[in-house]
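Just so you know, UniProt numbering puts 339 at position 307 of the sequence shown, and the rest follows in order with no gaps.
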Amino acid sequence: RHADAPFRLAVVGSGPAGFYTAYRVMSKLPQARVDMYEALPVPFGLVRHGVAPDHPEVKNCQEKFDEVATSPNFTFVGNVSIGLPGHQSEHCTIPLKVLTSHYDSILFAYGASEDKKLHIPGESSLNGIYSARQFVGWYNGHPDCTELAPDLSRSEEAVIIGQGNVALDVARILLEDVDVLRKTDISETALAQLAQSRVKRVHVVGRRGPMQAAFTIKEVRELMKLSDVSFHGVDNSLMPEALDTLPRAAKRLMEVLRKGTPTNPSNTPKSWSLDSCLSPKAFVGSKLNPSHVGGTEFYVTKLEDPFNPRSSVSLTEETMTLPSDIAFRSVGYKSVALPGFAEAGIHFDEKRGVIKNDGVGRAIQLPTDTGNSIETQPSALPGVYCAGWVKNGPTGVIASTMRDAFITGDAVVQDWLSGAPFLGSSANGTAEGWAAVSADVGALSKQVVTWDQWRQIDQAERERGSEKGKERDKFTDVGDMLNSIT
Ligand code: FAD
Numbered sequence: 033r034h035a036d037a038p039f040r041l042a043v044v045g046s047g048p049a050g051f052y053t054a055y056r057v058m059s060k061l062p063q064a065r066v067d068m069y070e071a072l073p074v075p076f077g078l079v080r081h082g083v084a085p086d087h088p089e090v091k092n093c094q095e096k097f098d099e100v101a102t103s104p105n106f107t108f109v110g111n112v113s114i115g116l117p118g119h120q121s122e123h124c125t126i127p128l129k130v131l132t133s134h135y136d137s138i139l140f141a142y143g144a145s146e147d148k149k150l151h152i153p154g155e156s157s158l159n160g161i162y163s164a165r166q167f168v169g170w171y172n173g174h175p176d177c178t179e180l181a182p183d184l185s186r187s188e189e190a191v192i193i194g195q196g197n198v199a200l201d202v203a204r205i206l207l208e209d210v211d212v213l214r215k216t217d218i219s220e221t222a223l224a225q226l227a228q229s230r231v232k233r234v235h236v237v238g239r240r241g242p243m244q245a246a247f248t249i250k251e252v253r254e255l256m257k258l259s260d261v262s263f264h265g266v267d268n269s270l271m272p273e274a275l276d277t278l279p280r281a282a283k284r285l286m287e288v289l290r291k292g293t294p295t296n297p298s299n300t301p302k303s304w305s306l307d308s309c310l311s312p313k314a315f316v317g318s319k320l321n322p323s324h325v326g327g328t329e330f331y332v333t334k335l336e337d338p339f340n341p342r343s344s345v346s347l348t349e350e351t352m353t354l355p356s357d358i359a360f361r362s363v364g365y366k367s368v369a370l371p372g373f374a375e376a377g378i379h380f381d382e383k384r385g386v387i388k389n390d391g392v393g394r395a396i397q398l399p400t401d402t403g404n405s406i407e408t409q410p411s412a413l414p415g416v417y418c419a420g421w422v423k424n425g426p427t428g429v430i431a432s433t434m435r436d437a438f439i440t441g442d443a444v445v446q447d448w449l450s451g452a453p454f455l456g457s458s459a460n461g462t463a464e465g466w467a468a469v470s471a472d473v474g475a476l477s478k479q480v481v482t483w484d485q486w487r488q489i490d491q492a493e494r495e496r497g498s499e500k501g502k503e504r505d506k507f508t509d510v511g512d513m514l515n516s517i518t
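Take a look at the structure:
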C-alpha cells in the first residue's frame with residue numbers, strides 16, 4: 033500500500049498510550065484518520081486522574097496531546113465507553129463489534145481500571161480499607177471515585193500496603209501541608225477532608241526490603257523534603273554497608289534512604305517509615321467498632337539475599353500487627369478484558385491483566401480449538417493493536433509509555449504499508465470511521481463530547497480554579513462536566 037492510501041484507525045482510550053500512538057501513526061501516514069474514543073467526557077487518562085496534583089510539570093504532555101487532537105485528521109469521541117457500561121448514566125456505551133466493522137484498525141489503549149487485591153481476611157468485610165487506586169482517583173476528582181469519602185479523622189496512624197510510587201504518592205498526600213495542596217488542582221472535596229485529617233504517622237509496608245522496593249528516588253526525595261515530616265530510618269541490615277559497589281541508581285537511592293531527614297520523629301508533628309519484610313496476613317476489626325479495621329496483621333518475612341534486588345522472600349512463623357484505623361492497598365493496578373473480546377478473537381491474558389501481544393503491540397489471536405488439539409502457533413490478529421498499560425501491565429511512567437507507544441505505532445505503519453491484511457472494511461478502502469459508527473448508534477451519538485466541547489469544560493474548570501487561586505477546579509461529576517458545555 034502507498035503511504036497516501038486512506039487509513040482509518042480507532043483508538044480506545046485517551047491517555048498517553050493512545051495519544052502517542054496516534055501521533056506516531058499520523059506523522060508517518062499523512063492520510064491516516066484517527067478517531068479516539070474516551071469513556072469520560074474529559075481526556076488524558078491518568079495524566080489527569082492519576083498523576084499527583086503537586087506534580088503539575090508532569091502534565092505538560094497535555095500540550096502535545098492538544099496539538100495532536102487539533103489536527104483535521106483527528107476526532108475526539110468523548111463520553112463514549114467501548115464495550116464496558118459507562119461510568120455514569122450520562123455515558124454512552126458502544127459495543128466493540130460496531131467499531132470493528134467501520135475501521136481498518138483498532139488500537140486498545142484503555143489502561144488499567146481495576147486493582148489487584150490482597151485476598152486476605154477482612155479485606156472486603158471491614159470498613160476503613162481503601163484501594164490506593166480509588167484514593168488517588170478521589171483526590172484527583174475522577175467521577176467514579178467521588179463517593180469514596182475516606183474517613184481520615186479516626187486515626188493518627190495509617191498503613192499503606194505496597195512500596196511502589198503510587199504508595200509514596202498516597203503517603204505524601206496524607207502528610208503534606210494542606211495549604212500547599214490548596215494551590216494545586218486537587219479536588220475540593222479531598223482538600224476539605226484532608227484538612228480534617230488526624231493522620232500523623234504513615235507506614236509504607238513491603239514484603240521485601242529497600243533494595244527490592246519498586247519506588248524511585250524522585251518520590252522518596254519529595255517525601256524527605258516535606259516540612260514538619262520526618263523519616264524513621266531504614267533497617268540498615270537490609271542494605272550493604274559499602275554502597276559504592278552498587279549500580280549508580282541503587283546507590284543514590286540507598287544514600288537518600290540512609291541520610292533520611294534532618295529532623296527526627298520526636299521533634300516533628302508527622303512522620304513516615306518504610307516497614308520492610310512484612311507480608312499482609314489479615315485485617316483485624318477494631319475493639320471499639322468490630323466492623324471497622326483496627327489493625328493489620330503481618331507475617332514477618334525472610335529475604336534469601338537482602339542485598340540482591342531480585343531476592344526471593346519466604347514467610348516465617350512470626351507475626352506482628354500494626355494498629356491503625358485506616359489502611360490502603362497499593363499493590364498494583366489491573367486491566368480487564370472488554371466485553372466482546374472473545375467474540376472478536378482477541379486473547380486477553382487474565383493472569384497478567386494484559387492483551388496478549390507479540391511484544392511489539394500486535395494483538396494475538398485467541399487459540400482456536402482445532403478438534404484434536406489446541407493450536408499452538410498463535411498468530412497476530414489483523415488490524416488489532418495495543419499500547420500502554422493494557423499492553424505491558426501497569427508499570428512505567430509517561431516517558432516509557434511514549435517510547436513504547438511509538439513501537440506500537442511503527443508496527444501499525446509497517447503492517448499497513450506492507451499490504452498485510454487489516455480489519456474487514458479495509459480491502460476496498462471504504463472504512464468510514466466515526467461517521468458510520470454514529471449512524472449505527474443513532475441517538476446515543478448526541479451524548480458525545482467533541483474536542484471543542486472538552487475545551488469548554490477545560491475553560492470552565494480554569495475559571496472556577498482562578499476564583500480559588502488554583503490552576504483549575506475540576507468537575508468531579510459527569511453531569512456537571514456536560515452542563516458546562518454551552
Ligand atoms: P491511562 O492513562 O490510564 O489511559 C487510559 C484511558 O482509557 C483513560 O482515559 C480511561 O478513561 C480510558 N478508558 C478506559 N476504558 C475505556 C473504554 N472501555 N472505552 C473508552 N475509553 C476507556 N507517570 C509519570 O511520568 N509521572 C508521574 O508523576 C506519574 N504519576 C502517576 C501516579 C499514579 C497514581 C499512577 C497510577 C500513574 C502515574 N504515572 C506517572 C504513570 C502514567 O500515568 C502512566 O504511565 C500512563 O498514564 C499510562 O498510560 P495509558 O494510556 O496506558 O493509560
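Heads up, the beta-carbon is just placed ideally off N, CA and C, and yes, glycines get one too. For clarity, every value in this text was computed on a predicted model and none was experimentally measured.
query, result
"Residue from Gly415, Ala437 and Thr277 with nearest C-alpha to Leu424", "Checking the sequence, you will find Asn at residue 424 rather than Leu. Answer by Cα proximity: Ala437."
"Coarse secondary structure for Asp276, derived from DSSP in three states", "helix"
"Opposing strand residues paired with Asn389 [DSSP bridges]", "Ala395"
"Euclidean distance between Cα positions of Leu258 and Asn340", "30 Å"
"Close-in-space but distant-in-sequence residues of the same chain around Ser356 (CB under 6 Å, 5 per side omitted)", "Ser187, Glu189, Ala190 and Val191"
"Val473 beta carbon less than 9 Å from that of residue 22", "With the chain represented from 33 up to 518, any question about residue 22 goes unanswered, as that position is not in the structure."
"Stretch pair the region 370 to 390 + the region 164 to 176: three plus CB contacts closer than 8 Å", "no"
"Met58 versus Ser450 - alpha carbon distance", "17 Å"
"Which of helix, strand or coil DSSP assigns to Met434", "helix"
"Ala203 Cβ short of 8 Å to the ligand FAD heavy atom set", "no"
"Check whether Val202 and Phe360 have beta carbons under 9 Å apart", "yes"
"Secondary structure, beta strand (DSSP E): runs of 3+ residues fully inside the region 64 to 107", "64 to 70"
"Heavy atom of the ligand FAD within 8 Å of Ile430 beta-carbon", "yes"
"beta-carbon Phe263 near the ligand FAD non-hydrogen atom, thresh 8 Å", "no"
"Residue closest to Asp136, alpha-carbon to alpha-carbon, out of Arg504, Ala468, Lys478 and Phe263", "Ala468"
"When Val109, Gly196 and Thr440 are compared against Asp67, the one with the closest alpha-carbon", "Val109"
"Given 8 Å, three or more beta-carbon pairs between the region 149 to 164 and the region 313 to 325", "yes"
"Boundaries (first-last residue) of the beta strand (DSSP E) holding Asp307", "Lys302 to Asp307"
"Counted within 10 angstroms of its Cβ, other Cβ atoms place Met352 as buried (16 or more) or exposed", "exposed"
"Any C-beta of chain C under 9 Å from that of Val510", "Among the chains in the structure shown there is no chain C, since it carries only a single protein chain."
"His87 beta carbon near the ligand FAD (any heavy atom closer than 8 Å)", "yes"
"Backbone CA spacing between Val510 and Ala475 [nearest angstrom]", "19 Å"
"Cβ neighbours of Asp484 in the same chain (closer than 6 Å, five flanking residues each side left out)", "none"
"Rounded straight-line distance, which links the Cα of Lys215 to that of Gly501", "6 Å"
"Backbone CA spacing between Val100 and Arg487 [nearest angstrom]", "14 Å"
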